[in-house]
Amino acid sequence: MRENKSNPELKFRSTERDYKYISRITGRYAGLSLVFLTAGIVLWIVMDIIFDACIDSWKADPELNNSSYMWNILIYAIPYTLYALAAGFLVTFFFCPQCTN
């Protein structure tokens, strides 16, 4: 059994397997970072369009005034949460290969 541990062929296979695993995992993190960033940008644009279209009717009716405040908070809170997730996955993408050694 000791001879197998010093076998260069087995070491090469193990290193190659580890490299493929790390490449696959970091690729997932890069993809998720891109997905969350894109979702945040698209959601912010869509919510901004909806807010601009509805703000006049919300200001006209005093009962709907509170919904405009809530929508104004959500228009920034949800996309920034998605941006934070994207940043976290991006940092993990860069540091994941360094942490596995």
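According to the numbering used here, the sequence shown holds residues 7 to 107 in order. Note that CB positions come from ideal geometry on N, CA and C, so glycine has one too.
- In this structure, Ser74 and Ile55 do not form a Cβ contact; the two beta carbons are roughly 15 Å apart against a cut-off of 8 Å.
- Asp67 carries a coil assignment under DSSP once its states are collapsed to helix, strand and coil.
- CA-CA distance, Ile28 to Trp64, rounds to 51 Å.
- In the three-state reduction of the DSSP assignment, Ser29 falls in the helix class, which pools H, G and I.
- Contact check for Gly46 against Tyr82 fails: the beta carbons are separated by 7 Å or more.
- Residues Leu88, Tyr89, Leu91, Ala92, Phe95 of the same chain have their beta carbon placed closer than 8 Å to that of Phe42, with the five preceding and five following residues left out of the count.
- Around the beta carbon of Phe100, fewer than 16 other beta carbons sit within 10 angstroms, so the residue counts as exposed.
- Rounded to the nearest whole angstrom, the CA to CA distance from Arg34 to Cys102 is 11 Å.
- Burial is judged here by how many other beta carbons sit within 10 angstroms of a residue's own beta carbon; Pro68 has fewer than 16 and is exposed.
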